[in-house]
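Q:
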Amino acid sequence: MKAPILIVRKLPAAGMAIFPFILLKKQAYKGDTQIINHEKIHLRQQLELLILPFYILYLFNYFFNLIKYKNHYLAYRKIIFEQEAYDNEHDLSYLKNGSWFSWLSYFKWTI
0 MKAPILIVRK
10 LPAAGMAIFP
20 FILLKKQAYK
30 GDTQIINHEK
40 IHLRQQLELL
50 ILPFYILYLF
60 NYFFNLIKYK
70 NHYLAYRKII
80 FEQEAYDNEH
90 DLSYLKNGSW
100 FSWLSYFKWT
110 I
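Numbering (numbering that gives the first Met the number 0), first residue to last: 0 to 110.
1. Looking only at C-alpha atoms, which of Trp99, Leu91, Lys77 sits nearest to Ile35?
2. What first and last residue would you give for the beta strand (DSSP E) that runs through Ile4?
3. With a 10 Å radius around its C-beta and 16 neighbouring C-beta atoms as the bar for buried, classify Ala16 as buried or exposed.
4. For the ligand PLP, is there a heavy atom less than 6 Å away from the beta-carbon of Asp90?
5. Of all the options Ile78, His37, Met0, which has the alpha carbon lying nearest to the alpha carbon of Leu56?
6. Need the endpoints of the beta strand (DSSP E) that Leu22 sits in, please.
Structure (structure tokens):
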């Protein structure tokens, strides 16, 4: 998947995926295969959910986690989409070999 990369210096994170773009905080991150792969995983997740539902689920999951854990960083890391991306960002063949909708396996129905 070839995604256009934009440099956004005031980005609050190293990288971010907003379909169809990958946003990076620094030009140097263009060469960071881990960050790029992480964001490409998010782009596929967005496609799987036809884009808008991804953002709704992402925010819902974050706010649910924030109430549950009362900690921004933990709430962010427990987002199902982030779990899939972080778990597989080192595997550069993940998008080619991995199953679609794998983020569903991270869904926990407990409070």
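Ideal Cβ placement from N, Cα and C applies to all residues, glycine included. Since this is a predicted model, take the numbers as computed values, not measurements.
A: Based on what the coordinates show:
1. Leu91
2. 4-6
3. buried
4. What this structure holds is no ligand at all, so the ligand PLP is not there to describe.
5. Ile78
6. 20-23
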